[in-house]
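In order, the protein sequence lines correspond to chains A and B.
Residue numbers for the first sequence follow the numbering used here, so the first one is -9 and each next one is one higher.
Residue numbers for the second sequence follow the numbering used here, so the first one is 262 and each next one is one higher.
Built from N, CA and C at the ideal position, the CB exists for glycine as well.
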Amino acid sequence: MDIAQTSFYHQAILTLAALVVLASFVMLGQGRLLRIVFVLALQGALLALATALAAFSTDNPHFYISSAITMVLKVILIPIMLRRLVIRMNIHREVEELTNRTSILLGGASLVIFSYYVMLPIVHTSHMVTLNAIAVSLAVVLLGMLMMISHRNAVAHVAGFMSIENGLFFAAIVSTSGMPMVVELGIAFDVLVAAVLFGVFFFHIHSSIDSLDVDRLNRLNEVEK
Amino acid sequence: MIAVYLILLIPLGGIFYFAATGHKPNAGRINNWLNAATLAGSIWLALDVLIEGPWLSSDGELYVDSFNVYLIVLTAFVGLTTAIFSAPYMAHELRVGRLNNNRLRLYYSMYQGFMLAMYLVLSTNNMGVMWVAMEGATLATVLLVSLYRTPESVEAAWKYFILCGVGIAQALFGTILLYFAAGQLHTEGGSENALLWTVLYENANLLDAGVMNIAFVFLLVGYGTKIGLVPLHNWLPDAHSEGPTPMSAVLSGLLLNDALYAVVRCKMLVDGATGSPLAGHLMMGFGMVSFLVAALFLHRQYDIKRMFSYSSIEHMGMMTFAFGVGGPLATFAALLHMTVHSLTKSAIFVTVGHASQVAKTQKMDRIRGLIKTQPEIGWGLLIGTLAIAGFPPFGVFTSEFLVLIATMHDYPWLVPLLLLGIGIAFAGLFRNLQPMVYGEVPRGQKAVAANLFPVMLHLALVLWLGLSIPGFLSNWFAQATELIAGSSPL
């Protein structure tokens, strides 16, 4: 199918999908915590935009509500909270040394290809846009995991966790007609509670190892040292 | 069917009540009463379901059949006995200064929060809500794992949070794919109903097989993280060993079961859609690997709670394997094993909690001579371990024997592996148990105030289930088996 023949909505969704995955890549290669948090907020804004667009084109008012929830939660509340924590713990000037930045980014690229490969079996059940959207959201989920593996700071881990959630949300809006309202509210509630708990944990970790470098959380072992 | 609302509303009220008053001396007793009330509610619900058959709420959001109602009763029962144990245990921890009033409030409030999440996982009919409740269970327990605020417990809780959070995100992706598959059916009631398990189950043969297969892989990995399947098990021994003992008992006895319940519900849908044994084979593979790896890891442990949490992984692996084998006999055995394992394992953790209070450590090489210092704890640990290792005449023996028979029938070449694993696990447990129970008493070791009534009750029930399963219970299991496997073993 030629991309120029698809509707405006579908073209816009494809562009947004590309931008969402690009945001994940930017976070993956970024060593400064405040920039990671900023890109996370941008990714949230892209999601809110995609949801609003879906609401407009499918004429489904329920999507406007989810768009508003996303806006408040993922663009405003969580990033602001993370930003304040980072500044309060005085780690906003630190730049994390990422070992092997090139191979991490190349690994990310191969994860995107892998996601497309995994989603091949559903090609016959849907059209191009849905396939792209699901593959891209799986890629965002996997990139979030890669980010948690490659970064050592707990704040970066939380950003990875939240971007996984973003990927899942993108799949839910684009590939389906939106999750049932009760489920969506439940997920939003879980994300909010998780964000607050993460904040609590930063203080616990900071007071127990005097840093947020999770590599130093290494007291528990399978065998006695 | 007010009972089902009762068991959801009582813990919900409990969360808020204890958030305000959990530090008062009577909080433990009130926690017991709340759990007793939910147990009564669950028995009422069970009787209703047994007499009138499955029940679906009018809006379709809650569904109770003989499969989940038995788990609800089990959850309520273990919740109550653990609460009975936890009241004096927590009072002791407060006295020795490991806790303060705020954390006690948090503890009681989140105990109820965890119970609410468990009941919601079991009684909901909506696969999305099931996911939300499962994540809710993680959120409720994560601060309890780090309740003592030691560096080790904070590390364990962080690991638990991140691993389970990321793991369960995979299950959400699986749920979205499920919804995507259902969205193409155009079922009546529109998309709001498309995630209801009953609707999906009725239309299972119409769901697209390719999508459902991918969805199941994600669901298995996601909920499998919570079951503690190898290689996603890393959080489990840490969380169990560093948290307060009542938490270890409910995590091991309840959370793991309920995560397995979620996987089995998904398997029922996928089997209907694909008609191929792929889902079962995946569960068999994961289950067998977990079973063997955990049995080997038992030998390397130095911490008593870590050792028993590896034993939990081993048993969960066996159950996953048995559900994967499928057939009526294997399913019946798996259901029985879920029951006896959670009764035995929570009894063991309760005993272990007392044992580590006696010895003032969880390191196994410093726990010695329990049977001389405090005979009831020594005996409790000895009998509990005998039961969990699968000795006759306890119930674990019966269920493991049934699993072996079913495997012998369908996959005879896997039987040696199962026997090997049981043998290795047995050796690992007893090697460490012997000196702890019989060894020389260290100087100055004193008995502690202990309430071993829950332990004795659990072990007596396990013994009873091993000697003769009462008729109503076996009928109940048979009904559940018929739901899952299609035919009855009796």
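In this structure, does DSSP put residue i in helix, strand or coil?
i	result
B/Asn752	There is simply no residue 752 of chain B to check, as chain B begins at 262 and stops at 751 in what is shown.
B/Gly385	Inspection of the sequence shows that residue 385 of chain B is occupied by Thr rather than by Gly. In this structure, B/Thr385 counts as strand in the three-state DSSP scheme.
A/Leu210	coil
A/Tyr(-1)	helix
B/Tyr324	strand
B/Leu734	helix
B/Val357	coil
B/Val702	coil
A/Val85	strand
B/Leu317	strand
B/Lys707	coil
B/Arg366	helix
B/Asn329	helix
B/Asp564	strand
A/Asp203	strand
B/Lys624	strand
A/Arg22	strand
A/Asn143	strand
B/Gly641	helix
B/Val491	coil
B/Ala650	coil
B/His719	helix
B/Leu728	helix
B/Lys528	helix
Should residue i and residue j be called a contact, given that it needs their Cβ atoms to be closer than 8 angstroms?
i	j	result
A/Asp180	B/Glu575	no
A/Ile59	A/Ala149	no
B/Gly444	A/Thr166	yes
B/Asp532	B/Lys420	no
A/Leu6	A/Leu36	yes
A/Ala185	A/Ile68	yes
B/His501	B/Lys566	yes
A/Ala99	A/Ala123	no
A/Met152	A/Leu30	yes
B/Phe582	B/Ala540	no
A/Ile154	A/Thr41	no
B/Ser781	B/Glu503	Residue coverage of chain B in this structure runs from 262 to 751, which leaves residue 781 of chain B outside it and unanswerable.
B/Ala753	B/Leu720	Missing from the structure shown is residue 753 of chain B; chain B here goes from 262 to 751 and no further.
B/His284	B/Arg359	no
B/Val491	B/Val586	no
B/Gly314	B/Thr459	no
B/Leu596	B/Pro654	no
A/Leu101	A/Ile112	no
What residues from chain B crowd round residue i, counting only those whose CB sits closer than 9 angstroms?
i	result
A/Met137	The contacting residues do not exist; A/Met137 stays about 11 angstroms from chain B at best.
A/Ser165	Ile437, Leu438, Tyr440, Phe441 and Gly444
So which residues on chain B does residue i lean against when the C-beta distance must stay under 8 angstroms?
i	result
A/Pro111	Gly471, Val472, Asn474 and Ile475
A/Glu155	Ala430
A/Ala125	Those within 8 angstroms of A/Ala125 in chain B number zero; the least Cβ separation is about 11 angstroms.
A/Leu128	Phe434
A/Val108	Ile475
A/Leu9	In chain order: nothing, as chain B lies at least about 20 angstroms away.
Please list the partners that residue i has in chain B, where partner means a Cβ-to-Cβ separation under 7 angstroms.
i	result
A/His141	Near A/His141 there are no residues of chain B at all, since even the closest Cβ is about 12 angstroms away, more than 7 angstroms.
A/Met169	Gly389 and Tyr440
A/Ala162	Ile437
A/Val183	Leu400
Note down, in chain order, every chain A residue with its Cβ under 8 angstroms from the Cβ of residue i.
i	result
B/Val393	Val173, Gly176, Ile177, Phe179 and Asp180
B/Ile423	Met138, His147 and Phe151
B/Glu453	Pro170 and Met171
Between which residues of its own chain and residue i is the CB-CB distance below 6 angstroms, once the five residues before and five after are set aside?
i	result
B/Leu446	Asn464 and Leu467
B/Gln431	Phe479, Val482 and Gly483
A/Met138	His147 and Gly150
A/Asp205	Arg142
B/Gly639	Leu631, Ile632 and Val698
A/Ala85	Correcting the residue type first, residue 85 of chain A is Val in the shown sequence and not Ala. Excluding sequence neighbours, A/Val85 sits near Gly21 and Arg22.
Taking Cβ-Cβ distances shorter than 7 angstroms, what residues in chain A pair up with residue i?
i	result
B/Ser407	His194
Applying a beta-carbon distance threshold of less than 9 angstroms, which residues of chain A neighbour residue i?
i	result
B/Asp499	Leu210
Considering only residues of the same chain and omitting the five flanking positions on each side of residue i, which have a CB-CB separation below 7 angstroms?
i	result
A/Gly189	Met71 and Leu75
B/Met391	Val382, Thr385 and Ala523
Does the ligand MN have a heavy atom nearer than 7 angstroms to the CB of residue i?
i	result
A/Leu95	This structure lacks the ligand MN; in fact it carries no ligand of any kind.
| query | Given a limit of 9 angstroms on CB to CB distance, which residues of the segment 32 to 61 of chain A reach chain B? | reply | none
| Between the segment 188 to 215 of chain A and chain B, which residues of the former have CB atoms less than 9 angstroms from a CB of the latter, in chain order? | Answer set for the segment 188 to 215 of chain A: Phe188, Val190, Phe191, His194, Ile195, Ser197, Ser198, Ile199, Val204, Leu207, Asn208, Arg209, Leu210, Glu212, Val213 and Glu214.
| task | Determine which residues of the segment 488 to 514 of chain B have a Cβ less than 7 angstroms from any Cβ of chain A, and write them out in chain order. | result | Asp499
| request: Please list the residues of the segment 330 to 356 of chain B that have a C-beta atom closer than 9 angstroms to any C-beta atom in chain A, keeping them in chain order. | output: Within the segment 330 to 356 of chain B, contact with chain A at the beta-carbon level (separation under 9 angstroms) is assigned to no residue.
| message | Please identify, using Cβ separations under 7 angstroms, the residues of the segment 285 to 307 of chain B that lie next to chain A, in order along the chain. | response | none
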